[in-house]
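Written out below as structure tokens is the structure these notes cover.
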Amino acid sequence: MLGGMTKTARVLIVDDHEIVRMGLRILLAGYPQFEICGEAVDGRQALAKVAELLPDVVIMDLSMPVMNGFDATKELRQTSPDTKIVLFSMYETPTTARMVGAHVFVAKSAAARDLPAAIEGALRSKPAVEP
Numbered sequence: 003m004l005g006g007m008t009k010t011a012r013v014l015i016v017d018d019h020e021i022v023r024m025g026l027r028i029l030l031a032g033y034p035q036f037e038i039c040g041e042a043v044d045g046r047q048a049l050a051k052v053a054e055l056l057p058d059v060v061i062m063d064l065s066m067p068v069m070n071g072f073d074a075t076k077e078l079r080q081t082s083p084d085t086k087i088v089l090f091s092m093y094e095t096p097t098t099a100r101m102v103g104a105h106v107f108v109a110k111s112a113a114a115r116d117l118p119a120a121i122e123g124a125l126r127s128k129p130a131v132e133p
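When we follow my numbering, the leftmost residue of the sequence shown carries the number 3, and every step to the right adds one.
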């Protein structure tokens, strides 16, 4: 267990690749402080799921069809300002996360090592991981 969270955080996973969503579910299943409340395959679906499921944290891929993670994150910052956003990508940099208003950036290549701490950092509204 990480940093001593007392409340279970509801997490929405947004990625267009099913295998990535499955892997994140498996990874986060080992952390009782996180509950996966749902999944979305693109930014538009993520916006609908956030409104429906009210997650504490969204793990948001950046490169997706229909609506990408950049646009979805910008819109979520307006429509759901209390929802924490962890940008998750293999291409972008932490600077991108700050530009669109996300709380934390995690490289996909470092997810197993860094994602749980990044989620907790986002919940505390401070960066936890800088690649």
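Note that CB positions come from ideal geometry on N, CA and C, so glycine has one too.
{"Item": "Per DSSP, cross-strand counterpart(s) of Leu-14", "Value": "Gly-40, Val-60"}
{"Item": "Residues of its chain near Ile-61, where Cβ-Cβ distance is below 6 Å and the 5 sequence neighbours each way are ignored", "Value": "Ile-15, Val-88, Phe-90"}
{"Item": "CB-CB length for Asp-18 against Asp-44, believed under 8 Å", "Value": "6 Å"}
{"Item": "Meets three-Cβ-pair contact criterion under 8 Å: the stretch 65-84 and the stretch 21-29", "Value": "no"}
{"Item": "Span of the alpha helix (DSSP H), counted from its first residue to its last, around Val-52", "Value": "45-55"}
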